[in-house]
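Numbering (my numbering), first residue to last: 142 to 435. For each residue, glycine too, the CB sits at the ideal point set by N, CA and C. Since the structure is predicted, the reported quantities are computational estimates derived from the model, not experimental observations. These notes concern the structure reproduced below.
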Amino acid sequence: MTIADGIWQQIFSFDHYGELLTLVRNSLVAGAALGLVGGLAGVFVIMRDLPFAVHGISELSFAGALAALLLGTNIVAGSITGSLLAAGVIGILGTRARDRNSVIGIIMPFGLGLGVLFLALYKGRAANKFGLLTGQIVAVDTPQMAWLLSTSVVVVIALAVIWRPLAFASADPDVAEARGVPVRGLSIAFMLVLGLAVALSVQVVGALLVLSLVTTPAAAAARVTASPVLLPALSVLFAIASIEGGILLALGSSIPISPYVTTISFTIYVVCRLTGRYGTRGRGARRRSVAQPA
C-alpha cells in the first residue's frame, strides 16, 4: 500500500460500515436538531453581521464544557452556561457594531485562555477534551441527547416568537425603533438564543469550526434567494445536509468530523455563490435586452 492509499484509507473507509452506523444513531438525530437550530439562527447571524460573535461565543462555550469535564458534571450544561455568559455580555455591552467587536475581541482570548487552562488540568481521555475542539460523532449519549433536544426545542420556540419583529429590527433598526419595536431587547434576546445554538453546535462540530454550521449555510442560502420563506428553509436544508453528510462520511475514518462538515458546507456555499452570480448576470442580460428598442 502506497502512502497515498494509506491517507485515502484514513479519510474514507467504509469497512464494517453497517455495524458502525448503529453507533451514531443518536448523533444523526442530534445532527438533524442542530441543523435546524443552526440554520434558523444563521439567518439572523448573516442579517445582523454576527459571525465574529459566533466565534467569540464558541470560545467561552468551549471553556464551559471543559470546566464541566474537569469537574465531572454535565458537559452540555457547562457548554450552555459558558455560551450564555458570553452572549449576555456581548448583547448588553455591544449595542453598536464597534462596541460589539471590541467586547468580542476581549471575550475571545479570555475564553480561549480558560479553555487552555482547563485543557491542561484535565487528565482524562484525550479524545474527550480534543473532541470539544474538533468535533465528535459517537459521544452523544442518552443524557446528552435529552439536553440537546430539549434545548433545541427552546431555541426554535424562542425564534418563532421573536422572528417577525427581529427580522424587522435586523433589516432596518432605526425605522423599527421609531415604530416602537424594542430593538435593544430583541438584540439581547437573540444573542441569548444564539448562545444556546452555538453551545449545541459545539457538541458535534467542535468549538473551532462552529461557524460552518451556524454561518455558512445561511450565507449560502442568501446567495440564491432573498425570500423570507425560502431563505430560512434553504439555510436549514444546507445545515442539515452538512452535518448529516459529515457524520456519515466520518463514520468509517479515523479523521474528526469537522473537516467533513466544513468541506460539505463550503462546497454548498461555492455552488450557491456561482449559481447566484450567473443567475444575476442572466437576469441582468434579459432586462437589458428587453429595454433595448427593436
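* How long is the line joining the alpha carbons of tyrosine 437 and leucine 354, rounded to whole angstroms? -> As displayed, the chain neither begins before 142 nor continues past 435, which places residue 437 out of reach and without an answer.
* What residues in its chain sit with their C-beta under 6 Å from that of glutamate 439, if we drop five residues either side in the sequence? -> This structure leaves residue 439 out entirely; the chain is present only between 142 and 435.
* Asked: Relative to the C-alpha of serine 202, which residue among Leu181, Gly265, Asn242 and Ile248 is closest?
  -> Translated into positions along the sequence shown, residue 202 becomes position 61. Comparing Cα positions, the closest option is Ile248.
* Test item: CB-CB of valine 217 and leucine 341 under 9 Å -> Start at 1 with the first residue of the sequence shown, and residue 217 comes out as number 76. Start at 1 with the first residue of the sequence shown, and residue 341 comes out as number 200. It is a contact, given that the beta carbons lie within the stated cut-off.
* Kindly give me the distance between the Cβ atoms of leucine 175 and valine 297, rounded to whole angstroms, as I take these residues to be in contact under 8 Å. => In the sequence shown, the residue the question calls residue 175 occupies position 34. In the sequence shown, the residue the question calls residue 297 occupies position 156. At roughly 12 Å, the Cβ-Cβ gap does not stay under 8 Å, so leucine 175 and valine 297 are not in contact.
* isoleucine 231 vs isoleucine 245 beta-carbon contact at 9 Å -> Translated into the one-based positions of the sequence shown, residue 231 becomes position 90. Translated into the one-based positions of the sequence shown, residue 245 becomes position 104. It is a contact, given that the beta carbons lie within the stated cut-off.
* Asked: If you drop the 5 nearest sequence neighbours on each side, which residues of the same chain put their C-beta closer than 7 Å to that of alanine 359?
  -> The count along the sequence shown starts at 1 and reaches residue 359 at position 218. Same-chain partners within the cutoff: Gly180, Gly183, Val184, Val186, Ile187 and Ser376.
* Give, in chain order, every unbroken run of the alpha helix (DSSP H) that is at least 4 residues long and sits entirely within the stretch 332–382. => 352–355 and 357–365
* Asked: Using a Cβ-Cβ cut-off of 7 Å (strictly less than) and excluding sequence neighbours within five positions of valine 334, which residues of its own chain qualify?
  -> Here residue 334 refers to the residue found at position 193 when the sequence shown is read from its first residue. Taken in chain order, the residues that qualify are Ala182, Val296, Ala299 and Leu300.
* alanine 432, buried or exposed, once every other Cβ within 10 Å from all chains shown has been counted against 16 -> Residue 432 sits at position 291 when you count from the first residue of the sequence shown. Residue confidence is low: alanine 432 scores 42 on pLDDT, short of 50, so the model does not pin down where it sits. Its coordinate-derived value is still stated next. With fewer than 16 other Cβ atoms within 10 Å, it is exposed.
* Just tell me which of Tyr263, Pro400 and Phe193 has its CA closest to the CA of arginine 241. => Reading the sequence shown from its first residue, position 100 is the one you call residue 241. When each option's Cα is compared against that of arginine 241, the closest is Phe193.
* Neighbourhood of threonine 366 by C-beta, 7 Å cutoff - its chain only, sequence neighbours within 5 removed -> Indexing the sequence shown from 1 puts residue 366 at position 225. Within the same chain, threonine 366 has close Cβ partners Leu372 and Leu375.
* Neighbour-count burial assignment, proline 397, 16 or more Cβ in a 10 Å radius -> Locating residue 397 in the sequence shown gives position 256, where the first residue counts as 1. Label assigned to proline 397: buried.
* Exposed or buried, leucine 415, counting other C-beta atoms within 10 Å across all chains shown (16 or more means buried)? -> In the sequence shown, the residue the question calls residue 415 occupies position 274. Exposed.
* Asked: Run through DSSP, which three-state label would arginine 427 get?
  -> Here the question's residue 427 lines up with position 286 in the sequence shown. Below a pLDDT of 50, predicted positions are generally treated as unreliable, and arginine 427, at 41, falls in that range; the measurement from the model is reported next regardless. In this structure, arginine 427 counts as helix in the three-state DSSP scheme.
* To do: Give a yes or no on whether the C-beta atoms belonging to leucine 177 and alanine 380 are separated by under 9 Å.
  => Residue mapping note: residue 177 aligns to position 36 of the sequence shown, counting from 1. Residue mapping note: residue 380 aligns to position 239 of the sequence shown, counting from 1. Cβ distance < 9 Å, so leucine 177 and alanine 380 count as in contact.
* Where glycine 213 sits in the DSSP three-state scheme -> For the purposes of this step, residue 213 is identified with residue 72 of the sequence shown, where counting begins at 1. If DSSP states are grouped into helix, strand and coil, glycine 213 belongs with coil.
* When the Cα atoms are used, what is the spatial distance from leucine 90 to serine 199? -> With the chain covering 142 to 435 only, the question about residue 90 has no answer from this structure.
* To do: Consult DSSP for tyrosine 410 and reduce its assignment to one of helix, strand or coil.
  => Walking along the sequence shown from the start, residue 410 turns up at place 269. Helix at tyrosine 410.
* Nearest-angstrom Cα distance between arginine 325 and valine 195? -> Along the sequence shown, read from residue 1 onward, the residue named residue 325 stands at position 184. Along the sequence shown, read from residue 1 onward, the residue named residue 195 stands at position 54. Arginine 325 and valine 195: Cα-Cα distance of roughly 19 Å.
* **Assigned exposure category for alanine 391 - 16 Cβ within 10 Å defines buried** => In the sequence shown, the residue the question calls residue 391 occupies position 250. By the neighbour-count rule (16 or more Cβ atoms within 10 Å), alanine 391 is buried.
* What residue from Ile405, Ser395 and Leu327 has the CA that sits closest to alanine 361's CA? -> For the purposes of this step, residue 361 is taken as residue 220 along the sequence shown, with counting starting at 1. That would be Ile405, whose Cα lies nearest to the Cα of alanine 361.
* Give every residue of the same chain whose Cβ lies closer than 7 Å to the Cβ of isoleucine 388, excluding the five residues on either side of it in the sequence, and list them in chain order. => Locating residue 388 in the sequence shown gives position 247, where the first residue counts as 1. Hits under 7 Å: Val165, Ser168, Leu169, Gly172, Ile278 and Ile398.
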